[in-house]
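Protein chains in written order, with this note's numbering: chain H, 1 to 354; chain G, 355 to 708.
Ideal Cβ placement from N, Cα and C applies to all residues, glycine included.
To keep things clear, I will list the structure first and then write my remarks on it.
The following block contains the structure:
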């Protein structure tokens, strides 16, 4: 079975993404072949396409918020069947045997999980390529089942943005009455507001700039605090059990520490690159048993749990659907935060391209 | 009842401690009058005596690791009786009504706990004075009961150094099989080794300098890792569920993050002063859901729990007993880490002074 696909790829850090033909690896007995319908556009796509983190191997076919339909299954596939609506997130494999994997924390696999793009397949060593393409081949254990209630385009960002917020909300036990802060209103932040609200929390948005009030409230926030306004920050001192900081560039963490309640945690999910160092005033952490932690996407079991929760609660991402051919323009708009709140590529537009 | 006492006090940031006479506040119905037998010498004593943190009010009578005997009780005292061996730690009161106090976290009292010295009494506003004195008056709820098995001098450091290590060990659920690292072998560190070992953990000492092997093993460590040796640090990569960092001066936290296991926490208990900022490389925290947290002494219930545990396990501090008159020399030796591992003042020497 030879699966030749069209895709959009970056061929260098400076070239725009353009049409790229390649052949997917031959399906193995536990593999699922997925016709891709939608692919969300994550900041990471842009970082890797442009080699911002220094380890990109070209060509890069980005895309790790994948929604599709099962078109073929290997002999040993039992989890999904032909025609099923499925999703694929940031990982397509992991060692499945280390302490982290056995806990369902494949994202923290001690041997390194296999990323949906920019990694090497664990079996045959071929480069992995992401969702900006017509089809993908994924081992069944890393295929998520999409509840029928979920909108296809709106579900795509759940696979990365959604679970990136869900995992810390669950790990730090957010429930009815929890006081949660979300820093930044972008792809991650808007999912954070929706999910925290649906879990029963009292939710606050921290933003640098005014004008977010209406959207924030619609998405689930009870209030908006302008993070640069010292009086507003003081008004929420000691309030939060959990603050999830989604900001993906260098910024001062210290103003959020006084906003934590005793025993509270500030969780960073906006990856700042491998070398970024942030000055932290530790005295405010000692006096109040406060913590700063990191969190990376989520495991397969919790991703499925999040999809089921979203279907149950009627939650999906707020998306702007674009054609594949608009991706370079979308990257520029994403850099200016000019999207509410996630671009999703309709892969039909790629399929139609000559 | 007028309780006139001799004490040792600092009268300015630069003067040595010397004899100071003052009158303790009149005991109230819930107060316990304690004849002080031993007082441990904590780094904080020196910091406050010398106004290192900028808020000292003179005269300062330090001492918050107090062991003594009950010599009088108010009408409403039910928790202790005349002749009981008791302890007093870093706090002599708190609001007892805020969320933190109601959880037994008086050290994080939202209105500020009353420190054993350098605070104001919550009822009459008089300055609090610590354990470098003949007697102290403390409300019964902040008096700890000393199990009869505990050595009096060796128990004094449990009231601050002991519970400062105990609280994070318990909060982060250290138990049989936990992998615990202790950074620094001083008053705090040596208690950390003993307590973590007694809780069933596999314990590692991190030290800057060699030569600690024999002592560390005797105190409970399975191994010593030289923190400046990159190969040794690499050999424990991903190992620790909990690392407790006792170092009370500025130092690089980043080498300890790779040593944490997935989900592990680096806890700072060495207070660095109000303004110290430490650069933290956050990427290593995101990739592994790792945390940096602070922890401050411990609450009254957990202090009692720790004392009972120590009695049960035969644990006390390694101390060098000194006379009150040696305190200034002891401070200089403490600054050079020239003590194994805690000075304790025999208050009989103060009582004998003309």
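Residue 135 of chain H sits buried, since 16 or more C-beta atoms from the chains shown fall within 10 Å of its C-beta.
With a contact defined as Cβ atoms closer than 8 Å, residue 650 of chain G and residue 461 of chain G qualify at about 5 Å.
Residue 267 of chain H is a Cβ neighbour of residue 245 of chain H, given a cutoff of 8 Å. In the DSSP annotation of this structure, residue 614 of chain G is not part of any alpha helix (DSSP H); the continuous beta strand (DSSP E) holding it starts and ends at 614-622. In this structure residue 640 of chain G is buried. Its beta-carbon is surrounded by 16 or more other beta-carbon atoms within 10 angstroms. Under DSSP, residue 120 of chain H shares a beta bridge with H:127.
Any Cβ of chain H closer than 8 Å to the Cβ of residue 459 of chain G would place that residue at the interface, and such an atom is present. Close partners of residue 237 of chain H in chain G (Cβ separation under 7 Å) are lacking, with about 10 Å as the shortest Cβ gap. Residue H:35 holds the alpha-carbon nearest to the alpha-carbon of residue 143 of chain H among H:257, H:354, H:35. Chain-ordered, the chain H residues with CB closer than 8 Å to the CB of residue 630 of chain G read 281, 282, 283. Linking residue 3 of chain H to residue 191 of chain H through their CA atoms gives a straight-line distance of about 34 Å. A straight-line Cα-Cα distance of about 56 Å links residue 514 of chain G and residue 67 of chain H.
By the Cβ neighbour-count rule, residue 386 of chain G is buried, with 16 or more other Cβ atoms within 10 Å of its own. A direct Cα-Cα distance of roughly 19 Å separates residue 170 of chain H from residue 155 of chain H. At a cut-off of 3 residues, the continuous stretches assigned as beta strand (DSSP E) that sit fully inside the stretch 391-477 of chain G are 420-427, 439-442, 445-447. One Cα belongs to residue 418 of chain G, the other to residue 403 of chain G, and the distance between them is close to 13 Å. DSSP lists H:181, H:223 as the beta-bridge partner residues of residue 204 of chain H.
Nearest CB-CB separation between residue 292 of chain H and chain G: below the 8 Å threshold. Interface criterion met: the Cβ of residue 289 of chain H is under 8 Å from a Cβ in chain G.
Between residue 566 of chain G and residue 695 of chain G, the alpha-carbon positions lie close to 12 Å from each other. The DSSP-derived three-state label of residue 279 of chain H is strand.
Contact annotation: residue 550 of chain G and residue 528 of chain G have beta-carbon atoms nearer than 8 Å. Take the alpha-carbon of residue 673 of chain G and the one of residue 573 of chain G: they are about 13 Å apart.
Within the stretch 184-213 of chain H, not one residue has a Cβ closer than 9 Å to any Cβ of chain G. In the structure shown, residue 550 of chain G adopts helical secondary structure according to DSSP, grouped into three states. Below the 9 Å Cβ cutoff, chain H contributes 262, 263, 287, 288, 289 as neighbours of residue 462 of chain G, in chain order. Residue pairing for residue 247 of chain H: DSSP places it in no beta bridge. DSSP places residue 361 of chain G inside the beta strand (DSSP E), whose first and last residues are 357-363.
Closest in alpha carbon position to residue 187 of chain H, among H:110, H:148, H:339, is H:339.
Residues of the stretch 33-65 of chain H that bring their beta carbon within less than 8 Å of a beta carbon in chain G are absent altogether.
A Cβ-Cβ separation of about 5 Å places residue 631 of chain G in contact with residue 281 of chain H under the 8 Å criterion.
In the DSSP assignment, residue 24 of chain H falls within the unbroken beta strand (DSSP E) covering 18-24. Chain-order list of chain G residues neighbouring residue 296 of chain H: 640, 641, 642, 643, by C-beta distance under 9 Å. Beta-bridge partners of residue 320 of chain H (DSSP): H:343. The residues 540, in chain order, have a CB closer than 8 Å to that of residue 691 of chain G in the same chain once the five nearest residues on each side in sequence are set aside.
Going by DSSP, residue 137 of chain H is part of the beta strand (DSSP E) stretching over 135-139.
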